[in-house]
Each structure stands twice: as structure tokens, then as C-alpha cells.
Amino acid sequence: MGLRFPAVVLFAALAIGAACTGQTTGTNDHMNDSTLDANVLLAGWTGPYGGVPAFDGMDLAALKPALEAGMTMHLDQIEVIANDPEPPTFENTIVAMERAGRDLDRVMTYWAIWGRNLSTPEFREIQVEMAPRLAEFRTKITQNRALFERVKLLYEGDEKASLREDQQRLVWLIYDSFARDGATLEGDAKARYAAINQRLAQIQTQFANNVLADEEAYVLYISSDQLSGLADSFVKAAAAAATERDRDGQYAITNTRSSMDPFLTFSDERELREKVWRTFYSRGDNGDDHDNNALVAEILQLRHERVRLLGYENYAQWRLENRMAKTPENALELLRAVWPAALARVKEEVADMQAIADAQGASLTIEPWDYRYYAERVRKDKYDLDSNEVKQYLQLDKLREAMFFVAGELFAFVFTPVPENSVPVFHEDVQVWEVTGKTSGEHVGLWYFDPFARPGKRSGAWATTYRDHDTLDGKRTVLASNNSNFIKGAPGKPVLISWSDAETLFHEFGHALHYLSSSVDYPTLNDGVRDYTEFQSQLLEHWLSTEKVIDNYLVHHETGQTIPDELVARIKRAATFNQGFAQTEYVASALLDMRYHMMDPTGIDSDAFERKAMAELQMPDEIVMRHRSPHFAHIFSSEGYSAGYYGYLWADVLTADAAEAFAGAPGGFYDRDLARKLVENLFTVGNAVDPAAAYREFRGRDAEIGPVMRSYGFPVPD
Ligand SMILES: [Zn+2]
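Going by my numbering, the sequence shown opens with residue 12, and the numbers climb by one from there.
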């Protein structure tokens with residue numbers, strides 16, 4: 012996933028503390044107070060590469076005053092624009108708005124680092140207090156009547172027709188974000204709207220923190236006689252994790268996906284598997300202080316009430332209006348096209364697994380905590396593919412070099428490590444590369460990489476920016492970052508990762524390339540369209556299994572031998588393996604998300620609702636949703652993916668369709684002509700062009716569903 016949130020006029024981004032647009036040229040001329048001048052989080056970025064964040068000087072005590080000052084400065088700038096005696100023009104209104112708030116952007120960069128990479132109880136206290144205040148601030152801009160009137164005049168006026176196409180689209184995007192965000196409301200409705208936003212920000216943050224608390228609080232400690240089946244690397248990491256928690260000599264199975272997944276796949280201890288499974292899928296659902304069930308109900312009800320104020324029937328209708336899918340019905344149609352094929356495949360998968368269990372005389376019925384374990388046995392049996400064997404050829408450092416190679420071939424980017432200590436980082440694990448143009452030699456930006464797991468770091472993998480490209484005051488170069496949770500190897504030993512983790516690595520790097528290749532002039536045009544932003548990243552995953560990458564970078568960590576052709580062939584054959592499980596656990600969550608957001612949720616009991624929905628969908632007993640409601644952070648910890656979790660599948664359709672284009676091109680995945688078309692039409696333009704039109708420009712037609720069904724190994728519907 013990519014944690015880059017749409018930030019039309021910065022509104023959405025601030026509410027959820029996500030993608031930030033920092034700046035290089037801040038002179039902070041609004042600040043007179045000398046103590047604020049010294050605030051490290053608010054200060055303009057100095058140093059090389061157009062200025063870089065002062066990650067080495069982050070001081071939590073400075074956060075609250077910096078946020079407060081940043082909000083005040085932004086509001087002051089907005090007031091100046093709103094009260095301009097001159098009639099509204101593109102320049103004095105739209106461009107001025109685009110330029111406003113950069114001081115706060117810088118603070119939000121640090122806020123996001125604390126929120127995701129370096130979370131502590133002390134930060135979370137500030138976060139709980141400040142999230143609603145940021146929402147209130149955001150609403151103050153959205154509901155600034157005078158400002159909206161100026162935008163409206165421009166949107167409806169004559170000047171617009173004389174603007175460039177990207178500028179016209181910018182005017183529309185900004186107008187639309189106001190209208191969709193309550194700008195047209197008056198009186199009580201307006202006040203209620205603001206109150207709802209504030210409360211939502213507060214409880215969505217609480218939701219996220221409850222999940223994190225359960226991930227940190229529940230650790231299963233096992234002893235040396237309970238390690239059967241587990242890989243060496245996993246055992247070592249578990250031992251280190253136990254030592255870190257003062258349990259020397261034991262092994263800690265932490266309550267995160269990256270720990271749960273390999274444990275359930277490999278542990279021979281069925282009772283322990285059940286325990287780990289139950290604990291993981293009970294996050295936020297333990298009836299204690301961190302239980303999220305009541306919050307789910309409140310979040311849904313508030314969202315519904317809010318869009319009703321704007322005259323929408325339901326939340327999903329409001330949410331999807333400016334997405335590529337346009338309507339909830341379009342998204343549902345796609346999910347429903349995949350669902351029966353996924354269920355049918357699960358039946359086959361379970362039968363295969365049961366046969367193996369029976370043959371081994373295990374005398375059991377496949378339960379959810381057995382699925383990954385027996386799937387791994389089927390994988391070995393059917394494809395003779397052992398994940399650990401594959402891992403020996405997947406070294407993190409080599410894979411990173413492979414990504415740089417691909418970026419060089421497709422984007423003409425060159426990655427060079429920055430001189431030691433020239434760019435501040437927030438943790439010693441973080442490394443930084445300079446990105447330049449291969450032919451021009453021109454500086455493009457920096458790429459930060461924070462690869463390893465640590466306490467206080469959000470689980471999973473994500474990409475984000477600390478600064479986006481624009482040309483408002485000269486060219487601003489991009490500061491992009493990738494973040495993952497690999498387990499650090501022993502000193503001097505390479506970090507070996509799984510095939511799916513390697514895909515994720517390429518995926519997140521795809522987001523980074525998307526940011527780095529931006530050529531848009533205005534910050535708002537960098538914002539992603541949720542069901543489209545995963546496309547670029549998902550497409551990049553395909554380059555992992557291209558010949559050039561395989562031959563040069565997938566080499567054995569001890570012998571240096573290239574991964575054998577026949578092993579690659581087996582990996583490719585196994586690519587559609589277990590897609591019944593993968594699509595079912597995903598689509599179930601996506602369908603539940605749509606149901607939640609297409610109904611009137613008054614008085615909802617989410618626990619009962621989830622059960623009923625799964626029964627109606629005929630969810631197989633052997634699988635649970637990828638994200639159950641009480642920990643479905645994608646849709647409840649912010650509005651980033653709410654009524655939008657289907658977006659991964661939507662992007663999959665585009666991805667598979669585009670991948671087939673490359674597979675069929677004369678130069679294959681390194682076809683110069685197609686690569687140029689891809690970068691020009693689908694990467695550099697951001698949201699300056701309607702995504703559907705951009706895709707048509709690249710492909711010569713709309714995407715079709717056939718390729719995605721083939722990519723899952725499912726039959727193609729008529
Ligand atoms: Zn992503």
C-alpha cells in the first residue's frame with residue numbers, strides 16, 4: 012500500500028496527518044515571535060538539495076507550538092486571499108491558495124514521521140489532542156465563505172476559458188473540494204458539519220492507536236521446544252525480539268502481520284497457530300480499553316450524517332464521485348465479478364489441503380489457522396516451491412540495486428548515495444540516495460529508505476513524500492521515501508526476504524517513482540485519485556520477474572549463483588497459486604467496506620453486521636477477512652480508503668491490462684517506446700489529466716477485465 016493521501020488544497024492531508032508538501036524556500040516572514048523563530052519544526056529547510064528536513068533535530072516539545080503557529084500562519088494567509096479587494100483571478104486566488112500553508116506542511120512532515128516511523132506514548136498524547144484541532148483548522152478553511160465565493164466566481168467566470176487545461180482542472184478540483192466539503196452549508200448545518208469533522212478526527216486517531224496498542228501489547232512467548240517448522244531467520248528474529256522485551260532465552264511472536272504470517276505458514280504447532288491467529292484477528296476486539304467496536308459504529312454514523320447534510324444518499328456515493336470508478340455501483344460490479352470465481356477457487360484449494368492433511372493422517376478439518384500452513388504444503392507438493400529456497404536468492408541490497416536498474420531503464424533516473432552525514436535522518440537505519448536524470452544530469456530529488464522494523468514503527472510497508480514537485484516559485488525537487496518492516500539481519504549478513512516481500516518492495520518503489528517523476532506545476536495536481544494511485548505501484552511489481560532483473564540481481568547470498576531458470580519457472584507457475592485465499596480475504600473486506608458505506612448505519616452493531624454480511628456472502632469457514640472491522644485501519648483510522656478499499660482491485664485491472672501491453676510489446680518490459688508512453692501519460696502528469704483519459708492515451712482503449720482474471724488464474728467471464 013502507499014500511504015500517500017489525496018490532499019486537495021491540503022485539506023484531506025492535514026486531517027489524517029499524511030502526505031506532506033514541505034518546502035525549500037520558506038522565509039517564514041510571517042513569524043515575529045523569537046521563540047517560534049527558533050522552533051526547529053517550523054523552520055525553513057536548509058542544507059543541500061534545495062533544503063532537507065532537520066530530522067536529526069526533531070524535538071517533541073516543539074511539536075504543539077509549531078502546529079499551532081503553522082495553523083495560524085496558514086489561516087492568516089487564507090484571510091489575506093479571501094479579503095483581497097481586487098476581483099478574483101487565477102493568480103490572486105488559486106495560485107495564492109496553492110502557495111499558502113507551506114510552513115505548516117513542514118511541521119506535518121515531522122508529525123507524520125512521529126506518527127508512523129517513531130511513535131511513542133508521548134507523541135500519541137499530543138496526537139490525540141491535536142488531531143481534532145487540525146480538523147477544526149481544516150474546516151475553517153473549507154467553510155471560509157469569502158474564500159469559497161472567490162473560487163466560485165472563478166469557476167463560473169470568463170477567465171477560466173483562457174487558462175491552460177491543467178489550470179482549468181486545478182480550478183475545478185479546488186471548487187469541487189470545497190463543495191464536497193461543506194462550503195455551501197449555512198447556519199446550524201454548517202456548525203454541525205464542523206463538529207462532526209472534529210469528532211471524526213479524534214475517534215479515527217483513537218481507532219488507529221487502539222490497533223497499535225493491541226499489536227504492541229499482545230506478544231506470545233514460546234520456548235525452544237516449540238520452534239518446529241520455523242525458519243532459522245525467523246527464529247533468530249523472534250529471539251532478538253524476546254531479548255528486547257527482557258525475555259532472554261525465549262522467542263517472541265509479536266502481534267503484527269509480518270510476524271503472524273510466517274508463523275502460521277511454517278509452525279508445526281497447531282495449538283500455537285490457533286492462538287496466534289485468534290490474537291491477530293482480535294485486534295481492537297478484546298472488550299477492553301482498546302476495543303474499537305463502539306468507535307466503528309460512531310465513525311459510520313458520523314460519516315453518514317455528514318454526507319446527508321450535503322444531500323448525498325450515502326457516504327460511498329459522496330466518496331466515489333471524483334474517483335475513477337465514479338459510482339459505488341461501478342465498484343461493486345467489479346467486486347462481484349471476481350467474488351464467485353474466488354469462492355470457487357477456495358473450494359479447490361481447501362480440497363487440495365484436506366487431501367494432504369488426510370494423507371499425513373492428521374485427522375483434522377482445515378481451520379483458518381491451518382490455511383497458510385497447508386497451503387505451503389500444497390505449494391511444495393504441486394509446484395515443488397519452497398519459500399525458504401527462493402529466499403536464498405532475494406537479498407535486500409541486491410533487490411534495491413535491481414530497482415535502481417529498472418528506474419534507470421524506464422525513467423532514466425540514476426541513484427547515487429548522498430555523501431555521509433550530508434542529509435539528516437531520523438534513525439540510523441535510514442539511508443538516502445540522490446536521484447538525477449541519466450542524460451541531463453539534472454537533480455531530480457532524494458530517496459530516503461527506512462527498511463527495518465522497530466518498536467513504535469507502524470507495521471507494513473509504505474511510501475510517502477516529505478516534499479512534492481511543483482514550480483510555483485521555481486522548481487521544487489522531490490523528497491520521496493520508502494518504508495518497510497524487514498527484520499534486521501545479523502551484523503555483516505545479508506537480509507533475505509520472501510518473494511512477496513520483494514514484490515512489495517518494488518510496489519512501494521513504484522509509488523516513489525511516481526512522486527519523483529512528477530512534472531506538474533501546482534501542488535494540488537500531485538494528489539492521487541485513490542482507486543488509481545495504486546496502479547503505478549502495482550505495475551512496477553512486474554519488473555521483479557523480468558529477465559534482466561532475474562539474471563543480474565537474484566543471486567544466491569552465499570554462492571553468488573544466479574537463481575536457476577527452473578526455479579524461476581516454478582515461481583511463475585506458482586504465481587496464481589492460492590489466489591482463492593488472497594482474493595477472498597481481500598474482496599470480503601472490500602465488500603464489507605462498501606456495505607458499511609452504502610447504508611444508513613443508525614444504531615448499527617458492527618459485530619453483528621459483519622457476521623451477517625459474511626453469512627450472506629457465503630464466506631468460506633476456512634478464511635477470515637483480511638481486515639476485520641475492529642482493526643480495519645484502512646477505512647476507520649482515516650478516510651484514506653473508506654469506501655475505497657476496492658481501489659486495489661480497480662488498480663489491479665489497470666495493472667494487468669498494462670502489463671499485457673508490455674508483455675506484447677516488441678521490446679517486452681523494456682520496450683523504449685511503450686516505457687516513454689507510460690512515463691509521460693501515467694506517471695509525470697499526476698492528477699493534471701483525468702485518469703481515465705490518461706489511461707486511454709497510453710493504451711488506445713479502456714482497461715478490460717480479462718487480463719486481471721487471467722493474472723489470478725481465474726476463468727474470464729463473458
Ligand atoms: Zn501502494
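Don't be surprised by glycine CBs; every beta carbon is placed ideally from N, CA and C.
These figures come from a predicted structure and were not determined experimentally.
Per DSSP, residue i forms a beta bridge with which residues?
| i | result |
| --- | --- |
| Val-443 | Tyr-459 |
| Gly-448 | Phe-424 |
| Tyr-262 | Ile-233 |
| Arg-637 | Per DSSP, none; premise fails for Arg-637. |
| Phe-497 | Phe-463 |
| Ser-492 | Tyr-459, Thr-475 |
| Thr-573 | Val-566 |
In chain order, what residues of the same chain lie with their CB nearer than 8 Å to the CB of residue i, ignoring the 5 residues before and after it?
| i | result |
| --- | --- |
| Thr-376 | Gln-365 |
| His-41 | Because His-41 carries a pLDDT of 40, less than 50, the predicted location of this residue cannot be relied on, and the following value inherits that uncertainty. So the list reads Met-84, Asp-87, Gln-88, Asp-114, once near-sequence residues are dropped. |
| Arg-710 | Asp-668, Ala-669, Ala-672 |
Could you tell me the distance, in whole angstroms, from the CA atom of residue i to the CA atom of residue j?
| i | j | result |
| --- | --- | --- |
| Ala-676 | Tyr-723 | 22 Å |
| Glu-136 | Pro-76 | 14 Å |
| Glu-400 | Arg-210 | 50 Å |
| Thr-544 | Thr-666 | 11 Å |
| Asn-43 | Phe-424 | At Asn-43 the pLDDT is 43, less than 50, meaning the model places this residue with poor confidence; the figure from the coordinates comes in the next sentence. Roughly 42 Å separates the two Cα atoms. |
| Val-389 | Glu-359 | 11 Å |
| Gln-178 | Ala-601 | 34 Å |
| Asn-221 | Tyr-607 | 21 Å |
| Ser-648 | Lys-151 | 22 Å |
| Leu-628 | His-645 | 21 Å |
| Leu-74 | Pro-59 | 24 Å |
| Leu-320 | Gly-471 | 36 Å |
| Val-434 | Val-443 | 7 Å |
| Ile-214 | Leu-306 | 7 Å |
| Tyr-229 | Ser-269 | 14 Å |
| Ser-235 | Glu-650 | 43 Å |
| Glu-420 | Ala-80 | 44 Å |
| Val-700 | Gln-403 | 43 Å |
| Gln-572 | His-525 | 33 Å |
| Leu-516 | Gly-168 | 47 Å |
| Gly-456 | Gly-485 | 14 Å |
| Arg-54 | Gly-260 | Here residue 54 is Ala; the residue named in the question, Arg, does not match the sequence. Cα to Cα, the separation comes out at about 47 Å. |
| Gly-13 | Gly-68 | Residue placement at Gly-13 cannot be trusted, given a pLDDT of 43 that sits under 50; the coordinates are not used to answer. |
| Tyr-384 | Arg-637 | 17 Å |
| Arg-356 | Gly-591 | 5 Å |
| His-480 | Asn-537 | 8 Å |
| Ala-212 | Ala-373 | 49 Å |
| Phe-497 | Ser-509 | 10 Å |
| Trp-554 | Asp-461 | 22 Å |
| Asp-300 | Thr-290 | 16 Å |
Do residue i and residue j have their C-beta atoms within less than 9 Å of each other?
| i | j | result |
| --- | --- | --- |
| Leu-660 | Leu-346 | yes |
| Thr-447 | Thr-476 | no |
| Leu-52 | Phe-101 | no |
| Asn-325 | Met-141 | no |
| Thr-518 | Gln-406 | It should be noted that the sequence gives His, not Thr, for residue 518. No. |
| Tyr-597 | Leu-343 | no |
| Phe-134 | Leu-71 | yes |
| Asn-128 | His-438 | yes |
| Asn-698 | Leu-331 | no |
| Leu-603 | Ala-619 | no |
| Ser-617 | Ala-308 | yes |
| Asp-440 | Thr-482 | no |
| Leu-231 | Ile-264 | yes |
| Val-91 | Ala-107 | yes |
| Glu-170 | Asn-208 | no |
Any heavy atom of ligand 3 closer than 8 Å to the Cβ of residue i?
| i | result |
| --- | --- |
| His-518 | Of the ligands this structure carries, namely ligand 1, none is ligand 3. |
Just checking: is the beta-carbon of residue i within a distance shorter than 9 Å of some beta-carbon in chain C?
| i | result |
| --- | --- |
| Ser-530 | Within the model displayed, chain C is absent; a lone protein chain is all it includes. |
By Cβ distance below 6 Å, which residues in the same chain neighbour residue i in space, the five residues on each side in sequence not counted?
| i | result |
| --- | --- |
| Pro-726 | none |
| Asp-192 | Thr-153 |
| Tyr-166 | Val-182, Tyr-186 |
| Val-635 | Tyr-292, Pro-379 |
| Leu-565 | Tyr-404, Ile-574 |
Using a Cβ-Cβ cut-off of 7 Å (strictly less than) and excluding sequence neighbours within five positions of residue i, which residues of its own chain qualify?
| i | result |
| --- | --- |
| Gln-594 | Val-349, Ala-353, Tyr-723 |
| Gln-138 | Gly-126, Thr-216 |
| Asp-729 | none |
| Arg-712 | none |
| Asp-363 | Val-389 |
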